[in-house]
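**Student:**
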Amino acid sequence: MRKGIKLSVVAALSLGLLAGCGGGSKSKTASSSDEIKVWVQFSDETAEGKAWQQVVDNFNKSKKTKYKVVTEYIPRSGSGGGYEDKVNAAITTNSLPDVITLDGPNTAAYAKSKVIAPLDDYLKDNDMDDVLDSIKQQGTYDGKFYAFGFSESNVGVYYNKKMFKEAGIDEASLPTLEKPWTWSEFNTIAKKLKDHFNKPAIDFRLNSNDEMLPYAYMPLIWSNGGSVVNSKGTKAEGYFNSKESVEAVQFIQNLVKEDYTTVSPVEKGFETGEYPMVLSGSWTIGDLQTNYKDIDFGILPYPVSDKTKKLVSPSGSWQLAVTTKSDKKEAAAEFVKFATNTESSEIISLGNSVLPIRKSTIKNIKDKVSEPLRFLMEQNAASAHPRPVVVAYPQVSRAFQQAMQDISYYKDNPDVQKVLDARTKEMQTAIDQSLNK
């Protein structure tokens, strides 16, 4: 899900382009008469691309429709461009394919601007009770289901077993999903590790400067009973700057103040044994198992609020959606259903080391995956929370990222309440503007 973490703020450009694309002009034919054309944001040479092609081949062999699915692979650049640039250009020229991929938080912008079509009428026989709630939540806007995630993601606290043992931290004392560490307990462990090794205890990814920050940090706010926006995605004021949100962000700031984390980590610091812990997602498992076999690691659950003790972890990834410009919506939706069924979910999960989207797939593969991935699957099923569905999500995300930088990078460690008040105003302005378009 690494590509998903770097959710593009290029989507902010999309909002400007999308505002006037709801209709009026004549649409071009989305694909040739016997094809369902699909655009995806990864390369055919990657593990993800190879797993995807297997799903497509299976669909074409199944004869579910008279149409053949043809994929155009459009890899994203490091800054998130490439794929989004092509989608944005196609929006302005009414030349979108039948099916596109989009990252979870961008559902609202594409749905409101009528770039993608509701899928509800096509999914009545699709056993949606088997689909994880987090997948359904991220793909829903204004009461309708627009986008179907074809993989899931999650994040945990990776720890170096050897370094923990050296610091006198017993395996039997480690947290579980049923009893995770509270923030206070996490701080105690971080101090112990810092004092023993005379270096930061964890790389908390504060230098990410991308979607990793809202993706990985919002669960801390939710654990404390706070929120970034209201349930309708229309208000940030009184939510992102609430007492509960401030307390969660103070926990993050304290990690910096006490030097429990670094804001300028050594590259691959955890992987090379520099730091005892790192906050990261399932994509790190494969890298460790393939390239850093000397690191004996495990994954711990998210630390939880001392007040609520509620475990919340991040979720959300890339989705499939049928475009409003498609002249084969029923057939395109049939492919979306196929690509997200139990068998296809298993192919994608095992082929790309990502979390499955269905309960049935979790049951089928839990004994086929490594212990770390199985742990993230269990944490995801027990505590996953998608990012908010907000039309102005790119701007909300950016303001969130800047708030985390504000409270972390300045030597005087500014007042968290003041920082969140200022960034909340930015969020609210963006939300108001998007709703008035």
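If you count by mature numbering (1 follows the signal peptide of the UniProt record, and there is no 0), then the sequence shown holds residues -19 to -1, 1 to 418, one letter each, in order.
Glycine is no exception: its CB is placed at the ideal position from the N, C-alpha and C atoms.
Here the structure is a predicted model, which is why all the values come from computation and not from measurement.
Would you tell me roughly how many angstroms separate the C-alpha atoms of tyrosine 196 and glutamate 228, rounded to the nearest one?
**Tutor:** So the two alpha carbons sit approximately 18 angstroms from each other.
**Student:** Could you check which residue in Ala182, Gln34 and Leu187 has the C-alpha nearest to that of proline 257?
**Tutor:** Taking only the C-alpha atoms, the option nearest proline 257 is Ala182.
**Student:** Residues in its own chain within less than 7 angstroms of valine 112 by CB, not counting five upstream and five downstream?
**Tutor:** The answer, listed in chain order, is Ile338 and Arg339.
**Student:** Tell me serine 296's beta-bridge partners as DSSP assigns them.
**Tutor:** Answer is Pro367, bridged to serine 296.
**Student:** What number of angstroms, rounded off, separates the C-alpha of alanine 384 from the C-alpha of alanine 171?
**Tutor:** Using only the alpha carbons, I get a separation of about 23 angstroms.
**Student:** Could you tell me which residues DSSP puts in a beta bridge with alanine 302?
**Tutor:** DSSP, once it has assigned bridges, lists Ile81 as partnering alanine 302.
**Student:** Work out the CA separation of lysine 49 and lysine 406 for me, nearest whole Å.
**Tutor:** Approximately 48 angstroms between the Cα atoms of the pair.
**Student:** Going by C-alpha to C-alpha distance, which of Asp15, Val36, Glu16 and Ile17 sits closest to aspartate 25?
**Tutor:** Aspartate 25 has its Cα closest to that of Val36, out of Asp15, Val36, Glu16 and Ile17.
**Student:** Using beta-carbon positions only, say whether leucine 336 and asparagine 135 come within less than 7 angstroms of one another.
**Tutor:** Result yes, Cβ atoms of leucine 336 and asparagine 135 sit closer than 7 angstroms.
**Student:** Taking the C-alpha atoms as reference points, what is the distance between serine 94 and alanine 373?
**Tutor:** Approximately 12 angstroms between the Cα atoms of the pair.
**Student:** Let me check understanding here. Comparing Cα to Cα, which of Phe278, Leu301 and Gly206 lies closest to tryptophan 20?
**Tutor:** The shortest Cα separation from tryptophan 20 among Phe278, Leu301 and Gly206 belongs to Leu301.
**Student:** When the Cα atoms are used, what is the spatial distance from proline 367 to glutamate 255?
**Tutor:** Distance between the alpha carbons of proline 367 and glutamate 255: 31 angstroms.
**Student:** Would DSSP call lysine 283 helix, strand or coil?
**Tutor:** In the sequence as presented, lysine is not what sits at residue 283; that position holds tyrosine. Note: tyrosine 283 maps to coil in three-state DSSP.
**Student:** Could you round the C-beta distance between serine 325 and phenylalanine 319 to whole angstroms and report it? I think they count as a contact, below 8 angstroms.
**Tutor:** With a Cβ gap of about 6 angstroms, serine 325 and phenylalanine 319 count as contacting.
**Student:** Under 8 angstroms by Cβ, that's how I've got aspartate 84 and tryptophan 299 pegged, so tell me the actual separation to the nearest angstrom.
**Tutor:** So it is a contact: roughly 6 angstroms between Cβ atoms.
**Student:** Could you give the DSSP three-state label for asparagine 361: helix, strand or coil?
**Tutor:** DSSP places asparagine 361 in helix when its eight states are reduced to three.
**Student:** Whole angstroms is fine: what's the gap from alanine 314's alpha carbon to tyrosine 390's?
**Tutor:** If you take the alpha carbons of alanine 314 and tyrosine 390, they lie about 46 angstroms apart.
**Student:** Just the Cα atoms here: how many angstroms apart are serine 223 and lysine 160?
**Tutor:** About 27 angstroms.
**Student:** Report the residue from Gly30, Ser14 and Lys31 whose alpha carbon sits nearest the alpha carbon of threonine 46.
**Tutor:** Of the listed residues, the one whose Cα sits closest to threonine 46 is Ser14.
**Student:** Can you tell me whether threonine 74 is buried or exposed, with buried defined as 16 or more other CB within 10 angstroms of its CB?
**Tutor:** By the neighbour-count rule (16 or more Cβ atoms within 10 Å), threonine 74 is not buried but exposed.
**Student:** Could you tell me which whole beta strand (DSSP E) segments of length 3 or greater appear in the stretch 171 to 204?
**Tutor:** Runs of the beta strand (DSSP E) inside the stretch 171 to 204: none found.
**Student:** Where does tryptophan 20 fall in DSSP's three states?
**Tutor:** DSSP places tryptophan 20 in strand when its eight states are reduced to three.
**Student:** Are the beta-carbon atoms belonging to residue 501 and valine 209 less than 7 angstroms from one another?
**Tutor:** The requested residue 501 is not part of the displayed model; the chain covers only -19 to 418.
**Student:** Report the option in Ile55, Asp79 and Gly250 whose CA atom is closest to the CA atom of lysine 310.
**Tutor:** Measuring from the Cα of lysine 310, the nearest candidate turns out to be Asp79.
**Student:** Which one or two residues does DSSP pair with serine 261 in a beta bridge?
**Tutor:** Looking at the DSSP assignment, serine 261 forms a beta bridge with Gly137.
**Student:** Let me confirm a value: threonine 169 is counted as buried when at least 16 other C-beta atoms fall within 10 Å, else exposed. Which label applies?
**Tutor:** Flag for threonine 169 reads exposed.
**Student:** So who's on the other strand from arginine 339, going by DSSP bridges?
**Tutor:** DSSP lists Val112 as partners of arginine 339.
**Student:** Can you tell me where the alpha helix (DSSP H) with glutamate 53 in it begins and where it stops?
**Tutor:** Note, glutamate 53: premise wrong, no alpha helix (DSSP H); beta strand (DSSP E) at 49 to 54.
**Student:** Tell me the DSSP secondary structure of phenylalanine 126 in three-state form.
**Tutor:** In the structure shown, phenylalanine 126 sits in a strand (DSSP, three-state: E or B).
**Student:** With tyrosine 407 as the anchor, note down where its alpha helix (DSSP H) starts and where it stops.
**Tutor:** It should be noted that the sequence gives glutamate, not tyrosine, for residue 407. Element bounds for glutamate 407: 397 to 416.
**Student:** Taking 8 angstroms as the limit between beta carbons, can you name the residues of its chain near lysine 399, skipping five residues before and five after?
**Tutor:** So no residue of the chain qualifies.
**Student:** Quick check on the burial criterion: 16 or more other C-beta atoms within 10 angstroms. Buried or exposed for threonine 304?
**Tutor:** The residue is buried, with at least 16 neighbouring Cβ atoms inside 10 Å.
**Student:** Just how far apart, CA to CA, sit asparagine 417 and serine 189?
**Tutor:** Their backbone Cα atoms lie some 32 angstroms apart in a straight line.
**Student:** Assuming the contact rule is C-beta atoms closer than 8 angstroms, tyrosine 139 and serine 261 should be a hit. Round their C-beta distance to whole Å, please.
**Tutor:** With 8 angstroms as the limit, tyrosine 139 and serine 261 qualify as a contact, their Cβ atoms being about 6 angstroms apart.
**Student:** Pick out whichever of Asn179, Ile233, Gly279 and Thr342 has its Cα sitting closest to the Cα of leucine 194.
**Tutor:** Checking every option, the nearest Cα to that of leucine 194 belongs to Ile233.
**Student:** So does the stretch 263 to 271 actually touch the stretch 349 to 358, counting three or more Cβ pairs closer than 8 angstroms?
**Tutor:** Yes, they touch.
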